[in-house]
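Enquirer: Pasting in a structure now, in structure tokens, and then I'll have a few things to ask.
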Amino acid sequence: MQRDDAISTLNAHEGPWDFVIIGGGATGLGCGIEAAARGYNTLLLEMHDFAKATSSRSTKLVHGGVRYLEQGNVSLVLEALKERGLLQQNAPHLVHNLAFVVPNYDWWEGPYYGIGMKVYDMLAGRQGFGRSKHLNKSETLEHLPTIDPDGLRGGIVYYDGQFDDARLAVNMAQTFVEQGGTALNYMKVTDLKKSDQGVVTGVEAECQETGSQYSIDAKAVINATGIFTDSIRKMDDPNANTTLRPSQGTHLVLDRSFLPGDAAIMIPKTDDGRVLFAIPWNDRVVVGTTDEEVEGPELEPRPMPEEIDFLLEHAGRYLTKDPTVDDVLSVFAGIRPLVTDPGSPSGGDTSEISREHVLHISKNGLVTISGGKWTTYRKMAQDTIDQAATLADLEEQPSVTKNLHIHGWHEHPEQFGTFEQYGSDAPELRQLIRERPELEEQLDERLPIRAVQVIWAVRHEMARTVEDVLSRRTRSLLLDAQAAIDIAPRVAQLMADEKGHDEAWQDQQVDAFREVAEGYVLSPASA
Ligand SMILES: Cc1cc2nc3c(=O)[nH]c(=O)nc-3n(C[C@H](O)[C@H](O)[C@H](O)COP(=O)(O)OP(=O)(O)OC[C@H]3O[C@@H](n4cnc5c(N)ncnc54)[C@H](O)[C@@H]3O)c2cc1C
């Protein structure tokens, strides 16, 4: 997956593309794979990096959503559980089974949540990740050695999926390219092209690296821009109503000593009625999330002090060791793409808005897909391409993505140890180390990143900036933000050596990364 090759393909392309997809998050990449795998000629344009926005900032669960079950939304849970099973089947190098324990402190919690989890098991059917069961107090403490034992009666264990969101997005971009698609990051859609009758016929785009302008024709344009959905809809119709109800969720990352067992904690109802998780992830613990209404879409949303207070306080309530500001290795925020149907009047607060996806085709033919969640991206994409192919008058082709492996698929990725997440690419990383043993160097003892991963990201994963490498090709920024800042100059140097960039490029990259990364470092002053 090379950006230069994609630019050449774009320049050489004659006539309209079958589809141009705007947005390189879970939804856009899913649509890209869905379309390319059916044989449609597809171009995907992402204005920043793949998964820069919401898709790298999730809780990292591939789940049915126990919470929606309580709300009685069985069809949503059923669909998500089906997709959960497919995702584990198609990307086993990135999706893992994880035990979640709901600790019970009140007498009624055991039976109440126990029944809910049994229903969850039943809905998952043969694609279940494991049977839920009641735990007594000592079994609960075995799974969660640091859960507060005071007043603990027992718990319920159930199973769900966990994944690396940004790495899945990158592997999805590679899958899309392998299926014949053309993917470009750092290519912003600035306007829509229209026929004399006002029908959408393509996009105007600007390369964010060179400033070059592109005028691109398409039989159908798909708007998969998540929290930016309304900005594209307003290019189609300046009077289009606002559908996004942005709600921010923040996560804290702590070291593993806060939750050393084999299971995650799930608190079904916090003071504000939210689900709270503490999840082991990449040898860290991720605690989240919150639900705060925010003004509008932000590519780099900043956590609010009250969110941090809420998370620290609630984590402290359930853990024997109370985390403080000084214990936070990284803090990250994301904005949920919660939308109302463009066809209906907007209203309601974010918790009332459907978590299901909304597919809308404007009178000018702009296809907009929004809402939903990471877990259900494939189904969202299937629905979208079914509709868009009809709109574009393309020959009907059946979906093949249920059984399509994501790039990196391997039957036994665990055999690759440090490079497990690279799946079938892992032997090639090892080969690179054999050729250049210095690439085995771990860049900092606080982080699991090795020099070879930087080279790999540049050569094969379309990483263009230091931030791409430290935030999304590796998760260094989330695992330890200060350590990531400290190794940025070394990463810039490795990238520059590989691509022939000069020192000015390195300095600019390090400065740009530091500016972003400082928002992930929680100093006492910012809390
Ligand atoms: C706090 C939080 C926790 C979550 N946890 C989970 C979870 O555990 N499991 C789960 O299944 N789901 C979870 N979700 C939901 C999930 O993350 C989102 O539903 C999903 O990532 C949305 O993907 P998307 O592609 O629609 O949007 P995005 O990822 O935001 O992608 C849209 C892309 O469009 C690009 N774009 C915008 N304008 C333009 C333009 N003009 N030209 C080109 N590109 C453009 C943006 O740069 C962006 O990359 C969570 C969400 C949040 C906020």
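First residue of the sequence shown? That's 6 in our numbering, and the numbers climb one at a time after it.
Ideal Cβ placement from N, Cα and C applies to all residues, glycine included.
1) Kindly identify the DSSP beta-bridge partner or partners of Ser375.
2) According to the Cβ coordinates, are Thr32 and Ser367 closer than 9 Å?
3) Does DSSP classify Asp296 as helix, strand or coil?
4) Mind checking who Gln179 pairs with in its DSSP beta bridge?
5) Rank Lys504, Leu334, Gln511, Leu437 by C-alpha distance to the C-alpha of Asp9 and give the top, closest one.
6) Which residue wins for smallest C-alpha separation from Thr533, given the options Ala283, Ser220, Gly216?
7) Closest to Val459 by C-alpha separation, out of Arg439, Gly156, Leu483, Ala497, would be which residue?
8) Can at least three beta-carbon pairs, one atom from the segment 95-106 and one from the segment 405-421, be found at a separation below 8 Å?
9) Counting C-beta neighbours from all protein chains within 10 Å, is the total for Trp379 16 or more, i.e. buried, or is it exposed?
10) Quick one: what's got a C-beta closer than 6 Å to Tyr73's C-beta in the same chain, skipping five residues either side?
11) Just how far apart, CA to CA, sit Ser528 and Leu484?
12) Are the beta-carbon atoms of Thr180 and Ile38 separated by less than 9 Å?
13) Taking the straight line between their C-alpha atoms, what separation do you get for Arg519 and Ile490?
14) Report buried or exposed for Asp314, applying the criterion of at least 16 other Cβ atoms within 10 angstroms of its Cβ.
15) Only counting the same chain, and skipping five residues up and downstream in sequence, which positions put a Cβ closer than 8 Å to that of Gln387?
16) Restricting to Cα atoms, I'd like to know which of Ser481, Glu183, Ile237 is closest to Val208.
17) Where Pro154 and Glu419 are concerned, what is the direct C-alpha to C-alpha distance, given to the nearest angstrom?
18) Let's test the definition: count the other Cβ atoms within 10 Å of the Cβ of Gly77 and tell me whether it reaches 16, buried, or not, exposed.
19) Should Met500 be labelled buried (16 or more other beta-carbon atoms within 10 Å of its own) or exposed?
20) With a cut-off of 8 Å, do at least 3 Cβ pairs link the segment 97-113 to the segment 140-152?
21) Closer than 7 Å by C-beta to His139: which residues in its own chain qualify, once you throw out the five before and the five after it? Chain order, please.
22) One question on the structure: do Leu579 and Ile284 come within less than 9 Å of each other, judged by their Cβ atoms?
23) Determine the DSSP secondary structure at Trp112, reduced to helix, strand or coil.
24) Would you identify the three-state DSSP class for Arg158, choosing helix, strand or coil?
25) What is the C-beta distance between Phe263 and Pro328, in whole angstroms, given that I count them as a contact (C-beta under 8 Å)?
26) Could you compute how far the alpha carbon of Gly231 sits from the alpha carbon of Ala223?
27) Taking DSSP as the reference, what is the three-state secondary structure of Asn408?
28) Going by other Cβ atoms of all chains shown within 10 Å of its Cβ, with 16 needed for buried, is Met127 buried or exposed?
29) To which residues does DSSP link Ile152 through a beta bridge?
30) Figure out for me which residue from Val333, Val471, Cys212 has the closest Cα to the Cα of Tyr525.
31) If you follow the alpha helix (DSSP H) that Ser13 is part of, which residue opens it and which one closes it?
32) Does the distance from the CB of Ile272 to the CB of Glu303 come in under 9 Å?
33) Using 8 Å as the Cβ pair cut-off and three pairs as the minimum, do the segment 211-218 and the segment 165-180 touch?
34) Can you tell me the Cα-Cα spacing of Gly203 and Ala174, whole angstroms?
35) Return yes when the Cβ of Val336 is within less than 9 Å of the Cβ of Val457, no when it is not.
36) Please look up how many angstroms separate the CB atoms of Ala178 and Met192, rounded, as I've assumed it's under 8 Å.
Expert: Looking at the coordinates:
1) Walking along the sequence shown from the start, residue 375 turns up at place 370. For Ser375, which the question treats as bridged, DSSP gives the partners Val363.
2) For this step, residue 32 is matched to residue 27 along the sequence shown. For this step, residue 367 is matched to residue 362 along the sequence shown. Their beta carbons are not under 9 Å apart, which means Thr32 does not touch Ser367 by this criterion.
3) Numbered from 1 along the sequence shown, position 291 holds the residue referred to as residue 296. Reduced to three states, the DSSP call for Asp296 is coil.
4) Here residue 179 corresponds to residue number 174 of the sequence shown, with the count starting at 1. Partner(s): none; Gln179 has no beta bridge.
5) For the purposes of this step, residue 9 is identified with residue 4 of the sequence shown, where counting begins at 1. Closest by alpha carbon: Lys504.
6) The requested residue 533 is not part of the displayed model; the chain covers only 6 to 532.
7) Within the sequence shown, residue 459 is the residue found at index 454, counting from 1. Distance check between Val459 and each of Arg439, Gly156, Leu483, Ala497 places Ala497 closest, using alpha-carbon atoms only.
8) Touching, per the Cβ criterion.
9) As a first step, residue 379 must be located in the sequence shown, where it is residue number 374. So Trp379 ends up on the buried side.
10) Along the sequence shown, one-based indexing puts residue 73 at 68. Counting only Cβ-Cβ distances below 6 Å, and skipping sequence neighbours, we find Leu81, Val82.
11) Position 523 of the sequence shown, counted from the start, is the residue given in the question as residue 528. Position 479 of the sequence shown, counted from the start, is the residue given in the question as residue 484. Between Ser528 and Leu484, the C-alpha separation is close to 16 Å.
12) Here residue 180 refers to the residue found at position 175 when the sequence shown is read from its first residue. Here residue 38 refers to the residue found at position 33 when the sequence shown is read from its first residue. With contacts defined as CB atoms closer than 9 Å, Thr180 and Ile38 qualify as a contacting pair.
13) Residue numbering aside, residue 519 sits at position 514 when the sequence shown is read from its first letter. Residue numbering aside, residue 490 sits at position 485 when the sequence shown is read from its first letter. Each residue's CA atom was taken as its position, placing Arg519 and Ile490 some 6 Å apart.
14) To locate residue 314, count along the sequence shown from 1; it is residue 309. Answer is exposed; the Cβ neighbour count stays below 16.
15) Here residue 387 corresponds to residue number 382 of the sequence shown, with the count starting at 1. Same-chain partners within the cutoff: Glu39, Ser404, Thr406.
16) Within the sequence shown, residue 208 is the residue found at index 203, counting from 1. Among Ser481, Glu183, Ile237, the Cα nearest to that of Val208 belongs to Ile237.
17) Numbered from 1 along the sequence shown, position 149 holds the residue referred to as residue 154. Numbered from 1 along the sequence shown, position 414 holds the residue referred to as residue 419. In a straight line, the C-alpha of Pro154 is about 34 Å away from that of Glu419.
18) For the purposes of this step, residue 77 is identified with residue 72 of the sequence shown, where counting begins at 1. Its Cβ having fewer than 16 others within 10 Å, Gly77 is exposed.
19) Locating residue 500 in the sequence shown gives position 495, counting from the first residue. Counting the other Cβ atoms within 10 Å of the Cβ of Met500 gives 16 or more, which makes it buried.
20) Of all C-beta pairs linking the segment 97-113 to the segment 140-152, three or more are shorter than 8 Å, placing the two stretches in contact.
21) In the sequence shown, counting from the first residue as 1, residue 139 sits at position 134. Counting only Cβ-Cβ distances below 7 Å, and skipping sequence neighbours, we find Gly115, Gly119, Gly159, Ile161.
22) Residue coverage of the chain in this structure runs from 6 to 532, which leaves residue 579 outside it and unanswerable.
23) Residue mapping note: residue 112 aligns to position 107 of the sequence shown, counting from 1. Three-state result, Trp112: coil.
24) As a working note, residue 158 is residue 153 in the sequence shown. Coil.
25) For this step, residue 263 is matched to residue 258 along the sequence shown. For this step, residue 328 is matched to residue 323 along the sequence shown. A Cβ-Cβ separation of about 6 Å places Phe263 in contact with Pro328 under the 8 Å criterion.
26) Within the sequence shown, the letter at position 226 stands for residue 231. Within the sequence shown, the letter at position 218 stands for residue 223. Gly231 and Ala223: Cα-Cα distance of roughly 21 Å.
27) Reading the sequence shown from its first residue, position 403 is the one you call residue 408. Helix at Asn408.
28) For the purposes of this step, residue 127 is taken as the residue at position 122 of the sequence shown. Here Met127 is exposed. Its C-beta has fewer than 16 other C-beta atoms within 10 Å.
29) Start at 1 with the first residue of the sequence shown, and residue 152 comes out as number 147. Paired residue(s): Leu324.
30) The count along the sequence shown starts at 1 and reaches residue 525 at position 520. It is Val333.
31) For the purposes of this step, residue 13 is taken as the residue at position 8 of the sequence shown. Ser13 -> alpha helix (DSSP H) spans 8-17.
32) Here residue 272 corresponds to residue number 267 of the sequence shown, with the count starting at 1. Here residue 303 corresponds to residue number 298 of the sequence shown, with the count starting at 1. With a cutoff of 9 Å on beta-carbon distance, Ile272 and Glu303 are scored as not near each other.
33) As far as the Cβ criterion goes, the segment 211-218 does not touch the segment 165-180, which means the pair count is below three.
34) Position 198 of the sequence shown holds residue 203. Position 169 of the sequence shown holds residue 174. CA-CA distance, Gly203 to Ala174, rounds to 34 Å.
35) Stepping through the sequence shown from its first residue, residue 457 is reached at position 452. Stepping through the sequence shown from its first residue, residue 336 is reached at position 331. Not in contact: Val457 and Val336 (Cβ atoms no closer than 9 Å).
36) Position 173 of the sequence shown, counted from the start, is the residue given in the question as residue 178. Position 187 of the sequence shown, counted from the start, is the residue given in the question as residue 192. Contact between Ala178 and Met192 does not hold, since the beta-carbon distance rounds to 13 Å and is not under 8 Å.
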